[in-house]
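All remarks here apply to the structure that follows.
2 protein chains.
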Amino acid sequence: MALRTHNCGELKTKNTGQSVKLAGWVSRNRDLGGLYFFDLRDRYGKTQIVFDKSEDLAQQARGLHTEDVVLIEGSVRNRPDGMINRQMATGEVEVTADRITVLSRAAALPLSVEDDQEPNEELKLRYRCLDLRRPRMIRNLEIRHKAMQSVRRFHDEQGFLEVSTPFLIRSTPEGARDFIVPSRIHHGSFYSLPQSPQLYKQVLMVGGIDKYFQLAYCFRDEDLRKDRQPEFTQIDVEMSFVDENDVYELGEAMMKRLVKDTIGLEITTPFLRINYFDAVNQYGSDAPDLRYKLRIRRADEYFKDSGFKAFESVLDNNGGVFGILAEGKGNLSRKEREKLEESARDYGLAGLLTVPFAEDGLKGIIGKLFSTEKQTELCKYMNAGSGDLLMFAAGPVNDTLIALGRLRRQLAQGWDLIPDKELKFCWVVNPPLFEPDEETGGLTPVHHAFTAPIDSDIDKLTTEPEKVICRAYDLVLNGVEMGSGSIRIHDPEVQRKVFKAININRDEANKRFGFLLEALSFGTPPHGGIALGFDRLVMMLAGESSIRDIIAFPKTNVASSLMDGAPSPIDDEQLAELGLKIIGKQNNKTA
Amino acid sequence: MALRTHNCGELKTKNTGQSVKLAGWVSRNRDLGGLYFFDLRDRYGKTQIVFDKSEDLAQQARGLHTEDVVLIEGSVRNRPDGMINRQMATGEVEVTADRITVLSRAAALPLSVEDDQEPNEELKLRYRCLDLRRPRMIRNLEIRHKAMQSVRRFHDEQGFLEVSTPFLIRSTPEGARDFIVPSRIHHGSFYSLPQSPQLYKQVLMVGGIDKYFQLAYCFRDEDLRKDRQPEFTQIDVEMSFVDENDVYELGEAMMKRLVKDTIGLEITTPFLRINYFDAVNQYGSDAPDLRYKLRIRRADEYFKDSGFKAFESVLDNNGGVFGILAEGKGNLSRKEREKLEESARDYGLAGLLTVPFAEDGLKGIIGKLFSTEKQTELCKYMNAGSGDLLMFAAGPVNDTLIALGRLRRQLAQGWDLIPDKELKFCWVVNPPLFEPDEETGGLTPVHHAFTAPIDSDIDKLTTEPEKVICRAYDLVLNGVEMGSGSIRIHDPEVQRKVFKAININRDEANKRFGFLLEALSFGTPPHGGIALGFDRLVMMLAGESSIRDIIAFPKTNVASSLMDGAPSPIDDEQLAELGLKIIGKQNNKTA
Chain A
1 MALRTHNCGE
11 LKTKNTGQSV
21 KLAGWVSRNR
31 DLGGLYFFDL
41 RDRYGKTQIV
51 FDKSEDLAQQ
61 ARGLHTEDVV
71 LIEGSVRNRP
81 DGMINRQMAT
91 GEVEVTADRI
101 TVLSRAAALP
111 LSVEDDQEPN
121 EELKLRYRCL
131 DLRRPRMIRN
141 LEIRHKAMQS
151 VRRFHDEQGF
161 LEVSTPFLIR
171 STPEGARDFI
181 VPSRIHHGSF
191 YSLPQSPQLY
201 KQVLMVGGID
211 KYFQLAYCFR
221 DEDLRKDRQP
231 EFTQIDVEMS
241 FVDENDVYEL
251 GEAMMKRLVK
261 DTIGLEITTP
271 FLRINYFDAV
281 NQYGSDAPDL
291 RYKLRIRRAD
301 EYFKDSGFKA
311 FESVLDNNGG
321 VFGILAEGKG
331 NLSRKEREKL
341 EESARDYGLA
351 GLLTVPFAED
361 GLKGIIGKLF
371 STEKQTELCK
381 YMNAGSGDLL
391 MFAAGPVNDT
401 LIALGRLRRQ
411 LAQGWDLIPD
421 KELKFCWVVN
431 PPLFEPDEET
441 GGLTPVHHAF
451 TAPIDSDIDK
461 LTTEPEKVIC
471 RAYDLVLNGV
481 EMGSGSIRIH
491 DPEVQRKVFK
501 AININRDEAN
511 KRFGFLLEAL
521 SFGTPPHGGI
531 ALGFDRLVMM
541 LAGESSIRDI
551 IAFPKTNVAS
561 SLMDGAPSPI
571 DDEQLAELGL
581 KIIGKQNNKT
591 A
Chain B
592 MALRTHNCGE
602 LKTKNTGQSV
612 KLAGWVSRNR
622 DLGGLYFFDL
632 RDRYGKTQIV
642 FDKSEDLAQQ
652 ARGLHTEDVV
662 LIEGSVRNRP
672 DGMINRQMAT
682 GEVEVTADRI
692 TVLSRAAALP
702 LSVEDDQEPN
712 EELKLRYRCL
722 DLRRPRMIRN
732 LEIRHKAMQS
742 VRRFHDEQGF
752 LEVSTPFLIR
762 STPEGARDFI
772 VPSRIHHGSF
782 YSLPQSPQLY
792 KQVLMVGGID
802 KYFQLAYCFR
812 DEDLRKDRQP
822 EFTQIDVEMS
832 FVDENDVYEL
842 GEAMMKRLVK
852 DTIGLEITTP
862 FLRINYFDAV
872 NQYGSDAPDL
882 RYKLRIRRAD
892 EYFKDSGFKA
902 FESVLDNNGG
912 VFGILAEGKG
922 NLSRKEREKL
932 EESARDYGLA
942 GLLTVPFAED
952 GLKGIIGKLF
962 STEKQTELCK
972 YMNAGSGDLL
982 MFAAGPVNDT
992 LIALGRLRRQ
1002 LAQGWDLIPD
1012 KELKFCWVVN
1022 PPLFEPDEET
1032 GGLTPVHHAF
1042 TAPIDSDIDK
1052 LTTEPEKVIC
1062 RAYDLVLNGV
1072 EMGSGSIRIH
1082 DPEVQRKVFK
1092 AININRDEAN
1102 KRFGFLLEAL
1112 SFGTPPHGGI
1122 ALGFDRLVMM
1132 LAGESSIRDI
1142 IAFPKTNVAS
1152 SLMDGAPSPI
1162 DDEQLAELGL
1172 KIIGKQNNKT
1182 A
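Structural data, given as structure tokens:
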């Protein structure tokens, strides 16, 4: 029989007069002219407990420490009018205690569990059991829970089968970032932990499981950026007999449902589908943030023979000139504009030409060099009107675009152009299949080696592979890549050509992907899918800026767990049993 | 746009006349007097395709191989009356093809994908992509899928939070069966993969997450019995402010829902709750199978001074005499009874006294030695009637009970006493807290060191710990343990006493469980939970006898994956990067 009759977040005036039992943690107390109160707290909220039935009881209550765990038996009554707390779900009532049972005492706390005192990151991770008591962390875990249920229900309803793929898999030679697991039974042999279930889900397609999904736990042993963890979760989906549009529609319906189920917002579908090259050219990024404008426009032709030497020489060297329109910013002071130009240089641009559009036309050097007619044409092209600011930069095409992409983000933040709480998804589609591999000088797949080229480019695989466009797509949310996918190759002939283009010979292909290649030979349906970063999605839904805040027991940026002390040295005996020996120095980086 | 308009399991007479596109695998073909048919198969079923529109088309169809993947465009029509196949969901219709598009060719197959030809285990595991195409495997994966959704929905509806606990955790010194994972960042340090999330879920309780659940992936590096895998899944649940009855009720509601959602059966709750000692005494097992009777009864007093020397001498040596009633088996031939006695000896019993209850009383030596009155008393005690068979065995109490438990199971199987498809759950509760540790000669916990003793035995922890009864419970289904749980210790004082009883000093306790012990000091609610073996549950629901048949990509009994070849040797370079070296011989046991 449960100890409690109610939780600490549910008592209302309708419960007035009831005898109740509440269990929870002793929270803020108040001593008002001899009248003693404290809030009793649990995962669901707080309830005010009053000790006015006897002096003994009040004494007992005064003897409790913050975070002691107690059972309170008492009765519910309305608070006096002046004492009602509208901020609190239970703020209209209080419980007058008849009895206190101490269930467990709390030692002195190394951090506060109240939301208004955010502990430092190290304390949060070290004493996670306390950090988790804070309402914000509870809310984050609840959003994560809802997100998990939502994603699975959605796929279940759509006829997908949830299949668990293995954790102890074959280690591949390229697996530089694989975590490996020594086998005790087979000395000298190792499993690896999956970086993704990619090969296994493709085998499932060959096996006829035409709609697969899973919240897949994945592992990557790499130096960690702020928003990465050595173990992470992805929404992993694969389908047979589909093309890109099926995946887009599924992804859109999934996101619509997920956002609704977790934070109650309605988002608009379908999402904008932007060609990869357009994204780079217009936003200086393959993960464009569409919540604000500041789009980039190529403006070469306006600066050719313009007399503006700096830009002309860039154009002569195959560079490009790019413009950005900042609406209503024509009135920036010279000082503010100089600051902008400085930022631009910080991002690697040679300079930034800022041109206010005043009542009487464009200012500065453009105003001087360009004819009125040309000014009008340029403004029309840039969509600029009086009171706006035009910005131009020139340089090598790709570098300049990327720098402008960064500048664009900074401008939006600085000018507060980013709407609060807006979730703007888009698809960025059809990137190149390959990119140059800096190490080898050859080509390497942008997505992965099983990504299908577009049909019309199949011939180019042998003639000009660097120009082949592929059937891959990224899902982007507010300028952050949430995941990616592709239609896969299901024709062994095409697969061979792709391997050839990236210099993988038959032996190596077999060694690396043998079981998948063999499976593909037994009758493979056309198939494709997507993998979305679940942690980052939840983080954005929860409005958090670190994925550590939406994971119950995360690792630090050197992959340590401050709570349990992992990783740690192990017994020599245990190592010997695995047939292993440590060589070289032991280096234990501190977190 | 999806290639197909329908799947291969859904066309009915209501679709007659429709133009359809079906995609799938070419299955059994028939050539009837020039008329060519084949079945097109996918995950949902089969549809008969006829090629009677042109000789060209029929020729093209004849050129296809089994398991080629094709797209068929055609129209649905009713089959002629004589050709209707009631065994097949789509058996009333067929599709007459207008067009065949070959999507992918299949190489010669190493095994049949039809259910009627079960491949051998090695082929099944090696070519899992083909094995998964068999309807039985699809059904198994579907049951597993439904089980996963059912368990999560149930807990979600009950207000539980799903929390993912970490995979890369601290390795504990006792972790002899831990898989370990070397850290690349921290040379000489290791993570381990969790054998269970036990410590982490207890930290969650301290953190106030009062209802936690998870389908937890767990790992154990041990020699594998038939129904074990190195990676396995458990339904992991923990609750605060509860006692045993709350866990029983939750488990019962969960099982009721699970059985209903997966195989459509209604089971009766509550489950029988059997005391641990009663289970051992009455069924010779702590995991009794309640689908049949054959209960064991202690019969010492009837054989004391009975003149039956063999049993009398056992009793003189502190042994026991035990009887089993076999209803309606009084007419077994002498030969059959001798065979029974032989089986009993195989299970380690000194002998088995078989006593038919004939019309004129008990037969054999008992009939001779026992007075009519005593015979009547014994029969009454054993619940025996005319036509039944009584069996008696004597020996050291525990060994004899265990042997009789095995015999009991064999008899039930041999006599076909086990009802088909019946699911009989029970709880086996309150076992001893400790058992003798054969290695050290001391005590070791039966469940684990965090299991609470019953309140009235707390004092015995220091005086006679071997007699302490604990608040643990097993869930048993049809004689198989499905999992276990307990109410945990939340009082540090009691915890210290338990550690002392099993000879763990403070230092060792801190080293092994430090972060949990520290967490427990910060205000811990009373809590308890359970962990159920999900794979075995699904196996029993699916009516399979091997858990390999309900796991998409299982390992062999030497923990190898025949599909991907894991585990396998890795590059020296990769090992060196981890600061490791292989010592001793490499032994690669074959699967």
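Protein chains in written order, with our numbering: chain A, 1 to 591; chain B, 592 to 1182.
Here a beta-carbon is modelled for each residue, glycine too, at the ideal position from N, C-alpha and C.
Can you list, in chain order, the residues of its chain with a C-beta nearer than 8 Å to that of residue i? Leave out the 5 residues immediately preceding and following it.
i: Gly636 of chain B; result: Asn598, Cys599, Gly600, Glu601, Met679, Ala680 and Thr681
i: Gly159 of chain A; result: Lys211
Any beta carbon from chain B within less than 7 Å of residue i's own beta carbon?
i: Ala591 of chain A; result: The pLDDT assigned to Ala591 of chain A is 42, lower than 50, so where the model puts this residue is not dependable, and the model offers no usable value.
i: Val69 of chain A; result: yes
i: Phe167 of chain A; result: yes
i: Trp25 of chain A; result: yes
i: Cys218 of chain A; result: no
i: Met88 of chain A; result: no
i: Gln149 of chain A; result: yes
i: Tyr191 of chain A; result: yes
i: Lys14 of chain A; result: no
i: Ser19 of chain A; result: no
i: Asp116 of chain A; result: no
At least one CB of chain A closer than 7 Å to the CB of residue i: is that the case?
i: Leu931 of chain B; result: no
i: Ala1133 of chain B; result: no
i: Met1130 of chain B; result: no
i: Ala844 of chain B; result: no
Determine the burial state of residue i: buried for a count of at least 16 other Cβ atoms within 10 Å of its Cβ, exposed for fewer.
i: Met540 of chain A; result: buried
i: Met83 of chain A; result: exposed
i: Pro785 of chain B; result: buried
i: Leu32 of chain A; result: exposed
i: Arg724 of chain B; result: buried
i: Gln375 of chain A; result: buried
i: Ala901 of chain B; result: exposed
i: Asn430 of chain A; result: buried
i: Thr101 of chain A; result: exposed
Assuming residue i and residue j form a contact by the criterion Cβ under 8 Å, report the distance between their Cβ atoms to the nearest whole angstrom.
i: Ala1157 of chain B; j: Arg170 of chain A; result: 4 Å
i: Pro288 of chain A; j: Cys426 of chain A; result: 7 Å
i: Ala688 of chain B; j: Leu648 of chain B; result: 6 Å
i: Asp68 of chain A; j: Ser27 of chain A; result: Asp68 of chain A to Ser27 of chain A, Cβ: 10 Å. No contact.
i: Phe213 of chain A; j: His145 of chain A; result: No, Phe213 of chain A and His145 of chain A are not in contact; Cβ-Cβ is about 18 Å, not under 8 Å.
Sorted by chain position, which residues of the same chain lie with C-beta nearer than 7 Å to residue i's C-beta, five sequence neighbours on each side aside?
i: Leu993 of chain B; result: Residue identity check: residue 993 of chain B is Ile in the sequence provided, not Leu. Closer than 7 Å at Cβ, skipping near neighbours: Gly875.
i: Ser934 of chain B; result: Leu998 and Gln1001
i: Phe167 of chain A; result: Leu193 and Pro194
i: Val1059 of chain B; result: Pro1023, Leu1024, Phe1025, Pro1044, Asp1048, Lys1051 and Leu1052
i: Thr13 of chain A; result: Asn78, Glu92 and Val93
Is residue i close to the ligand FAD? I mean its beta-carbon at under 6 Å from any heavy atom of the ligand.
i: Gln375 of chain A; result: Although the ligand FAD was asked about, the structure shown includes no ligands whatsoever.
Apart from the five residues just before and just after residue i, which ones in its own chain have a Cβ nearer than 6 Å to its Cβ?
i: Leu944 of chain B; result: Phe983
i: Asp42 of chain A; result: Asn7, Cys8 and Gly24
Assuming contact is defined by CB atoms lying nearer than 7 Å, are residue i and residue j in contact in what I supplied?
i: Ala698 of chain B; j: Ser150 of chain A; result: no
i: Asp891 of chain B; j: Leu906 of chain B; result: yes
i: Gly978 of chain B; j: Gly919 of chain B; result: yes
i: Ser196 of chain A; j: Ser1159 of chain B; result: no
i: Asn1184 of chain B; j: Ile1141 of chain B; result: Here chain B comprises residues numbered 592 to 1182, so residue 1184 of chain B is not present and cannot be evaluated.
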